[in-house]
Each structure stands twice: as C-alpha cells, then as structure tokens.
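Chains as they are written, first to last, in the working numbering: chain A, 3 to 391; chain B, 3 to 391. Ideal Cβ positions, reconstructed from N, Cα and C, are used throughout, including at glycine. Okay, so here's the structure we're looking at.
2 protein chains.
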Amino acid sequence: MARRGVSIIGIGSTPFTVMKERSIKDMATDACNQAILEAGVDRKMIQALYVGNYIGGILEGQETIAPLIANSLGLNPDIPCTKVEGACSSAGIALRQGYLLIAAGVYDLVLVAGVEKMTSASTEKVTMALSAGMDPETDRLTGLTFPGFFAQVARRHIKEYGTKIEHLAMVSVQNHANSVSNPRARFREPTTLEQVLNSRPICDPLKLFDCCPISDGAAAAVLCAADRAHEFTKTPIDIVGSGQATGPSCLYDHEDLTTLPATIRAAHQAYTESGLKPQDIDVVELHNCFTIAEIVDSEDLGFFPKGRGGFAVEEGLTAVDGKVPINPSGGLIAKGHPVGATGLGQLYEVVRQLRGDHENQVQNAEIGLVHNMGGSGTICTVHIVKRRG
Amino acid sequence: MARRGVSIIGIGSTPFTVMKERSIKDMATDACNQAILEAGVDRKMIQALYVGNYIGGILEGQETIAPLIANSLGLNPDIPCTKVEGACSSAGIALRQGYLLIAAGVYDLVLVAGVEKMTSASTEKVTMALSAGMDPETDRLTGLTFPGFFAQVARRHIKEYGTKIEHLAMVSVQNHANSVSNPRARFREPTTLEQVLNSRPICDPLKLFDCCPISDGAAAAVLCAADRAHEFTKTPIDIVGSGQATGPSCLYDHEDLTTLPATIRAAHQAYTESGLKPQDIDVVELHNCFTIAEIVDSEDLGFFPKGRGGFAVEEGLTAVDGKVPINPSGGLIAKGHPVGATGLGQLYEVVRQLRGDHENQVQNAEIGLVHNMGGSGTICTVHIVKRRG
C-alpha cells in the first residue's frame, strides 16, 4: 500500500494526578478541546474519533464513552466514534487507529484520545480491575498481579545480567527528578536513592517507589494528513513509523523473562516503516510502569544491549542530557499512569519536546519514540515521530 | 480514496443461549476457529484481529481479550489484536474496522469477532452493567434503563402514528416463529399473540416478550481482499457498503423519539457507498432489542414510511416470504442478544441467507443488510453485503 504522511497538529492533556471530582467524560472532553483549539480546526471537520480506555467499565461503570465524548465536544454526528481497549496500551492503540486510517486515505482529520479515572476506587478494587488484563485461566488464577509479574522479571534480570537493586532505584530517582519541572506530573518532589531503597516492599525486589502511582487523567491529539497539516499549524510533527504487536498472555509462555517480545515486534515494525534505527532517536517516552520495565524496555527497543539497561542508567546515558534521554516527563513512575490515557500522555510529552517547548527540554530533539505496553507484555504499540524539516 | 473490494470468506458462531460453563475466551475462540476453518485460511496469514465486547469488564472482570483470544487461536504474534467497544454495536464496529483496513489496502486478511458472557451474573447486575452504555450525568442519573428508554419510544410511536400494542406483539410472534428452525437461537418455541400480550409487564407498554433475552455467545468472520477471495472460497460474500454514525446520548437530545438518527446516518453512508437503495435489499437482520426497535428501525432504514412499520408487520411485509424479510433468524428477541456478539451474529445469519443455506431461507436472497445499534440509539453500524455474481 502507498501510505500518505500523517501529522500531529494539536495536542491536549489534563494533569495526571488525583481528580476525584472529574468524570471520564469531563477529563476527556477537556483534553480533546485543548487539542482541537491548539490545532485551530473546526470541530465539525473531524471525521472520526478513537478513544482509548481500559477499566472505565469496572471502576466507573462507564462504557460507550466515545459517542458520549463526541456529543460533549459537539462533533458532527455523522462520524464514527469508537472506544478501543488493550489494557495499558489503549491510548497507543487509539493513536494507531487514527494513524492507519489517515495513512490509508480513509480520513484526513481524526481526533484520538485516552482517558482513565482510577482514584475514586479503593486500592484493592483498582488492583482487581487491573487484573482484568490477565488471563483468568492461568496467571490470574494463581493470584499473580502486575507487581508480581514485574518482580519476577526483575529477579530474573538481576540473576542473568547482574543488574543491581540500586539500578532499579536509580531509575526511580531519575524519573522523580525529571518530573519536578513537569506541571502535568503527579509527583514533583525529588527523591534520593536512600528514600527509594527504604520505601516499603511491594513485591520483592520491587518497593513502593519502583511502582507507578494510581492516577486520573486524559490526553488527546488531532491527527491530519501530512499534506494538509500546514493549513492548521506551522509546526506539524509527523508520525513516521507505527507498530502494534502481541506477546504472551501468561507467564509460562514467556521463553525468557528478561525480554518482552511484543515490544521488540512493535518496535521492529515502527523502525522498518520509518527507515530509522534506535541510534536515530533523540528522545524517548517508554512504558515504565515499574522501574524494571524501563530497563527491560530500553533494551528491547534497541537502545542498549540486553542486560545493560540498568548500567546505562548508572552511567547517565538515559538522563535528559544523556545519549538516549528516557522519560524526561517523569514517566509512568513519577508523572503518573492513568492507564487508558498513558499512551497519548507520552505522545503529548514527546510532541512538546520536538517543538522545543518542553519544561524539561532535550536539546535539539528532532526525532522521538513513544512506547506503550499493556498486560504482562501482552500488547504493545510503538510510534516514531519527527519534527518536520 | 480508491477503495478495494472486501469479501467475507468464512463465518463462525456459537449458539446464542445460556452457556454458564464457557468463558469469553473459550466462546470467541470457538467462533473464530469455525470461521478460520471454513475459510480454509492458514491462521498464520491473518494480519489483524478486531474483537467486539461490551460488558466483559463489568460482568466477567475480563479486558484485554483480543490478545488472549489471538494467543488461544495461535495467531502470529506480530499482528495487532484490538478490542473495540460501542455498547451493543461492538461487533458491528469490529466488522467495520476490518472492512475499512482491507478496503484501504492496509491488510488483505482480517479476523473479526464479537463475544459476550451475560448469564453468570444476576439480572440486577446485568441491568446495571448494560446501563454503562448511558450517560451517568443525564439519563442514568434519573434511573432510566434501556427498557425504560424504548418504552418511551413505543409510547410516542403509538401516539404519533396509531401504532397498536398488537403490532408490537406481532413483531414478537414473528421473531419467535422464525427462530423455531434456527439451531443457534435461544428460544425455539412458537408463541401466540395472546401469550405475548399476557406476558408480565416490564415497562409499560413493553411486556416480557417485547424484550430480548440475556444470552451468552460469540460470532466471527474472516474478511479478505475481494480480489483474493477466490483463493479461499467459491462463494465469497462481498461487503458493498459500510456506515457508522453517532446519535444523541441522552433522552432530552432526541428531537423526535420515534426515530433514531444514528440509524438514518449510518444507513445513508452504507446505501451511498453501495449505490443501493432500500428496495434493493432482499433480507435484513436489524437490531430489535425490543419489539418497538424493529418497527422504528425498519422505518429509519428506509423500508417503510415513518409510522408504517407496525402496519407493515401486520400486513406480512416483513415475513420470510414478504416484501422485506426482517430477522428470519429470530432476531435479538428470539435468537438472543449476547450484546457484544450480536452484530457479527447478524452477519452470520445474512451470509448464510446469501449462500442459500439458511435454516429459514429467504428465496433467492442476493443482497442483505445488517443493522447493529448501541446505547439509546447512541451508536450504529450498517453493512450491506452481496452474493458475488
């Protein structure tokens, strides 16, 4: 297929924090309105809406949110409005649907959004809800939760490659340092290695500060056919590669617990489509739901050899001024992780980086990568975006 | 955009009935395997999976089902697997995603499925779960449920057009008569007008037999680029028109309660794309979640003038041997309504009609229409399918 170029012409985001008083519809409408206003597009010209959301049904009793948001926004009722779900990669999937359908010539203008409301429920209920992303006949049956899954990944990574507990803690410290300047972040205080190492155990070897916080939030983007982007903006950001792939849905199907193959597969698609390589990427927002995930993802995305992700953090390679700046936003660990919103929250941060107006700016960032994962590595999207010439 | 033709080359369905012992994954895997085997396609060649599901999160605590089903089927892990949700039109949306992406040249072979598990929960819990398709800030806040919404539609239709209670009952009698021969149907006993009229009130004027039953089930189809369909089957069924549109998400936004504008909009898209008119359609499966919905839908789809839908049933026009055969399967009323599966269950029935091997066959059916609706007319898909040559 001959694909058309696709550009991001407007972005919007609520903070990722605790917003008990706001509904799913309200937060999503807010982020979408920001994106529409920034794009300067007449909302009646938008031709489709895709919304990512994961556990709105279980926690808020709310499904069918896409048309609700569309009506709240005042979009044209002739257009299709669809919710997509793939656990914590739901917003990445929404982005990809919009991208694919513009690239293929079906639409010129698509609004994509992601949203989640998590903090009104008890921690126990949220943990139960999140386990909806596991297979009830295998992992969930054993009582395994996502902290348990990633704790096993950490243990294996430590055993195989000599990764240290301190490496995990350094990831947390760096993400918390990065989020200090990010007004969208849930946590804006720096932490120390000692604080992280002394935080209470969640699932050995993961401690509280190794885990992302339960959060509320929404993010959105207006996508446009690249050849029409200049009608709306002087600074279009082009999507130059997109991938979505599947991984094992239970622990015993993972051949090697130190790698999440859905990431490798999705990244391969995005790199191939863009003709770019890991060393071409200037800034990365990756799915660090736990500190070990940042280490594993940075290897699976090709930035470091397998086993070297933790050492790369220690060497400062992933700092904002490092060779491969990872999660200058603070990532899921410190910015927050409203699960169905995260993929587009990551895109928001990278677009701001490529425009050169991020609060924690990577110098001369021209090409960015967004990595969004769901389940125990069960589903993954990767997008590569580029500032236009 | 120059669109390619898209064909259905294989279909599968479980019964739509009570299957308490079967999981969402199990039912969907079953329907998908039937479709794959019937298509004679190597499952590793399938390039994407879309799964429609509505309340699996709320009732079964199960999200992220698309990759779970893909792994259960043994699909290629390099492919994207995505759940889509739009209340009771979730499966219609899955069908449309596959259609669009093949039509646009992104994929050649896509598997689409719909599934729902409803009978393990209490009636109260199912009613609460279904209300997730309503706006919690308007209709749901008032305590309105879907039987309540459609009861108001019925009252208004009766007042405006002289539709009789007996017309509603005739819809039920006809659907129950149709499902007697359908081995996939939940109810296979004929009913009488007296039985329907004397069944217990649910929400006046709707009685028990005016309402579709809570059911379990799954349905699936393998879609293929039309120019490759003959590699797999001698009887491809082409999708010649597709529409998806949005309607009001609360009662007070309906200007006229006797019509559901999302149906009119989606049908307009499908008729325009296909170049066909209502009078070209030989067989229809439409979304009769309540008897009044069949009457309203048959008008909104253009088969009868507004207000004449009930009289058309009385005159036999919608019978299997009538001018516009509607729901020869028994429809949602008598075949059953596992909400997230229904749209592809309807497609299954129409494909069997166009192949000429349905248990309740419409003579010489060449062109069929499938109408799938979600919420209180909030979201709708319409597909027109045609037997080749």
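query, result
"Between residue 123(B) and residue 210(B), how many whole angstroms is the CB-CB distance? I'm expecting something under 8 Å.", "Contact doesn't hold; Cβ gap of about 19 Å is too wide."
"Taking the alpha carbon of residue 235(A) as the reference point, which residue from 27(A), 38(A), 30(A) has its own alpha carbon closest?", "38(A)"
"Could you give the DSSP three-state label for residue 186(B): helix, strand or coil?", "coil"
"Output, in chain order, the set of chain B residues within a Cβ distance shorter than 7 Å of residue 246(A).", "82"
"Residues in the region 298-332 of chain B with C-beta within 9 Å of chain A's C-beta atoms, listed in sequence order?", "none"
"Taking C-alpha atoms, which residue in 309(B), 16(B), 379(B) lies nearest to residue 169(B)?", "309(B)"
"So, are the CB atoms of residue 30(B) and residue 54(B) less than 7 Å apart?", "no"
"Counting along the chain, where does the beta strand (DSSP E) carrying residue 385(B) start and finish?", "381-389"
"Buried or exposed for residue 44(B), please, with buried defined as at least 16 other CB atoms from any protein chain shown within 10 angstroms of its CB.", "exposed"
"Looking at chain A, which residues of the region 31-58 of chain B have a Cβ within less than 7 Å of any of its Cβ atoms?", "56, 57"
"Got a sec? Which residues, its chain only, sit under 8 Å from residue 321(A) by beta carbon, not counting five neighbours each side?", "176, 327"
"Under 7 Å Cβ to Cβ from residue 40(A), same chain only, skipping five residues before and after it: list those, please.", "12, 13, 14"
"Thinking just about the alpha-carbon of each residue, which of 311(B), 241(B), 57(B) is nearest to the one in residue 298(B)?", "311(B)"
"Closer than 7 Å by beta-carbon distance: list the chain B residues that pair up with residue 380(A), in chain order.", "66, 69"
"Can you confirm whether residue 73(A), when its beta carbon is compared against all beta carbons of chain B, has any partner nearer than 7 Å?", "yes"
"Starting from the beta carbon of residue 137(A), find every residue of chain B whose beta carbon is closer than 7 Å, and list them in chain order.", "70"
"Look at residue 380(A) and residue 300(A) and say whether their C-beta atoms are less than 7 Å apart.", "no"
"Quick one: what does DSSP say residue 129(B) is sitting in, helix, strand or coil?", "helix"
"Whole angstroms are fine: how far does the CA of residue 117(A) sit from the CA of residue 139(A)?", "28 Å"
"Chain A beta carbons: is any one of them nearer than 7 Å to that of residue 390(B)?", "no"
"Which same chain residues, not among the five before or five after residue 105(B), have their C-beta less than 7 Å away from its C-beta?", "5, 6, 8"
"So which residues of chain A does residue 145(B) contact, with C-beta pairs closer than 9 Å?", "Within chain A, no residue comes near residue 145(B); the closest Cβ sits about 14 Å away, beyond 9 Å."
"Given this structure, state the Cα-to-Cα distance separating residue 291(B) from residue 65(A), to the nearest angstrom.", "18 Å"
"Along chain B, which residues have their Cβ under 9 Å away from the Cβ of residue 87(A)?", "55, 59, 65, 66, 67, 68, 84, 85, 86, 87"
"Looking at the C-beta of residue 267(B), does it have a partner C-beta in chain A at a distance below 7 Å?", "yes"
"Given 6 Å as the limit, tell me if residue 55(A) has its C-beta closer than that to any heavy atom belonging to the ligand GDP.", "Because no ligand of any kind appears in the structure shown, any question about the ligand GDP cannot be addressed here."
"In three-state terms, what does DSSP make of residue 374(A)?", "strand"
"When the Cα atoms are used, what is the spatial distance from residue 222(A) to residue 313(B)?", "48 Å"
"In whole angstroms, give me the CA-to-CA distance for residue 371(B) and residue 84(A).", "21 Å"
"Given a cut-off of 7 Å, decide if residue 364(B) and residue 387(B) are closer than it, judged by their beta-carbon atoms.", "no"
"For a contact meaning CB atoms closer than 7 Å, what does residue 203(B) contact in chain A?", "The premise fails here: residue 203(B) is roughly 27 Å from chain A at the closest Cβ pair, so nothing lies under 7 Å."
"Can you check whether the C-beta of residue 108(B) is within less than 7 Å of a C-beta belonging to chain A?", "yes"
"In chain A, which residues lie less than 8 Å from residue 377(B) when you measure between Cβ atoms?", "66, 69"
"Give the straight-line distance between the Cα atoms of residue 108(B) and residue 100(B), rounded to the nearest whole angstrom.", "10 Å"
"Cβ closer than 8 Å: which chain B residues qualify as neighbours of residue 29(A)?", "Ordered by position in chain B, no residue passes the 8 Å Cβ test against residue 29(A), which lies about 13 Å from the chain."
"Just verifying my parser: in three-state terms, what is the DSSP assignment at residue 17(B)?", "coil"
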